[in-house]
Structures are given as structure tokens and as C-alpha cells.
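To start, the structure under review is shown below, and the notes come after it.
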Amino acid sequence: MKKMNRKEARKLKRQEIKELEARDRKRRKRLNYLKKAIFYGVAVCVIGLSANWIYGKLTEPQTWTSIPILPKYHLAPGQSSFFYNSDPPTSGPHTADLAWWGVHKEPIRKERQVHNLEDGGVFVQYKCPKGCPELVAKLRSIVKRFDRAILAPYPAMEKRIALTAWGKLDTFDEFDEDRVVRFIKAHMGVDHH
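Using full-length UniProt numbering, the final residue of the sequence shown is 193, and nothing's skipped along the way.
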């Protein structure tokens, strides 16, 4: 084997450096490509999931009815002879005091319900002429999760369950936890002063 002179050694070294630089450029190019692919992949996933979520919200079954809003004012103490446009009521004249949030064992007067609704509350009411401890227990477990919700009996309504918020009413006979939770989340906390 012939010994290399300095000139050939430098030439070989330069060639090795060029090869290393070329490999490094290729590696950086692949890395940049990979970064872009990951970025665009994540972006597509985020956009797709967002679009799916928005589509779900837009097509989600809205089971409640909008009720025309009645004039709101405070009734004089003892005054209760007002005709509401829904039963249970969803807006209108009301007492100056609120019912406490949470679970009640007795019906709450309509005039008092409306004030809680005006303050962003939601009522979950039930009718059980012969008693329905299982239904009440299920509804209680839902209402206890929310700070501005009230559970109370309401014997005068036609359906077994009624959900009320300011200007909104949903009534049905069969327990549906998703429906109750969806209503509460959609309407609770919206102040109507």
C-alpha cells in the first residue's frame, strides 16, 4: 500500500467532510420533513376533532321548548294570583325571596320558582302520586352535582318530570339522565336581571 502524501490526505479529508455534511443535510431534511408531517398531522386531528365536536353540538337533540318571556317584577307579599304561560312557570312576576338551592321534599310556590330561574337556576321537578323513591333518588344524585339546581315535587303537572329554566321547559315521563344533565348544563348560571 502506497503512503499518502499530505495533498492526498487533505483531499481525502475534504471528501469525508463533504460526505458528512451531505449526510447531515439529508438527516436535517428528513427531520424537518418529519416535524412538518407531525405538525400537519396534529393540525388535521385538532381540526377534525373540533369539527366533530361542533357538528355534535349543532345536531344534538334539543328536547326543550322556548316559552315566551313574561314581564318580570316583584310581587307584593302574599300576592300570588298571576297566570303563567307555562306549567311549571318559566318567567314572569315573582317573589322577592329565593328558594334555597338543592333538594326539597315539598312543592315550591310558582312565584318563588320564577325568582330562582331569573337568577340563573334550573328546576328539576317530578310528579309521583303513588311515590317513586327510585326516580327521586336518581334525580337527587344529578341535582346535587350542580350549585344552582333545585329538585322538588310538583303534583300539578301532566308529565312525570319537568325541567325549567328562564324561558325554557322540557317535560317527559321516562327518566333520562343525559337529557336532565344536558338541560342543566345548557341553562344553569345564566342571570336574567
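Backbone N, C-alpha and C define an ideal beta-carbon position, used for all residues, glycine too.
Supposed contact pair residue j and residue i - C-beta distance, whole angstroms, cut 8 Å
i	j	result
valine 190	glycine 102	At roughly 19 Å, the Cβ-Cβ gap does not stay under 8 Å, so valine 190 and glycine 102 are not in contact.
isoleucine 142	histidine 104	Contact flag wrong, Cβ pair sits at about 15 Å.
methionine 157	threonine 171	7 Å
phenylalanine 123	threonine 164	4 Å
Extent of the continuous beta strand (DSSP E) run through residue i
i	result
aspartate 97	Premise fails: aspartate 97 is in no beta strand (DSSP E) and is neither H nor E.
glutamine 125	122-126
isoleucine 161	161-165
leucine 151	149-153
lysine 110	From DSSP, lysine 110 is part of no beta strand (DSSP E) but of the alpha helix (DSSP H) over 110-118.
aspartate 170	168-172
Endpoints, alpha helix (DSSP H) assigned at residue i
i	result
proline 133	133-143
phenylalanine 183	177-187
Same chain, Cβ closer than 6 Å to residue i, neighbours up to 5 away in sequence not counted
i	result
isoleucine 108	Ala99 and Ala152
Same chain, Cβ closer than 8 Å to residue i, neighbours up to 5 away in sequence not counted
i	result
proline 129	Pro155
Item checked: Cβ contact check for the segment 173-186 and the segment 75-85: 3 or more pairs under 8 Å -> At 8 Å Cβ cutoff, the stretches do not touch.
Check: For the segment 86-98 against the segment 60-76, are there 3 or more C-beta pairs whose distance is under 8 Å?
Finding: Contact holds: three or more Cβ-Cβ distances are below 8 Å.
Check: What residue ranges within the segment 5-29 form continuous beta strand (DSSP E) runs of no fewer than 3 residues, ordered along the chain?
Finding: Qualifying beta strand (DSSP E) stretches: none in this window.
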